[in-house]
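**Q** In the working numbering, the protein residues as written are 42 to 123. Just so it is clear, CB atoms sit at the ideal spot from N, CA and C, and this is done for glycine as well. All of these numbers come straight from a predicted model, not from anything done at the bench.
#1: When the cut-off is 7 Å and only beta carbons count, does residue 101 lie next to chain B?
#2: Using DSSP bridges, identify the partner residues of residue 105.
#3: Sort 98, 80 and 95 by Cα distance to residue 88 and report the nearest one.
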């Protein structure tokens, strides 16, 4: 599956649905996508989850989210620290 960031996907197993905000491929061949669910409460940010790409179905009725970050590229939160 060709994941497009900004599109909405649903996990085939859990039904978890969210916007693809990150994607990674490992040297072992595993490809995963970070899904960020949309929050009903604007004061809270629900936690996103990583899923193997083969578990995802594209939600075609949801519009793609496009963010113009040409003047302010970069991440929205600091990288995790172990």
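**A** From the atom records:
#1: Reference to chain B is not applicable here, since this structure consists of a single protein chain.
#2: Here residue 105 refers to the residue found at position 64 of the chain shown. Paired residue(s): none; residue 105 is not in a bridge.
#3: Residue numbering aside, residue 88 sits at position 47 when the chain shown is read from its first letter. When each option's Cα is compared against that of residue 88, the closest is 80.
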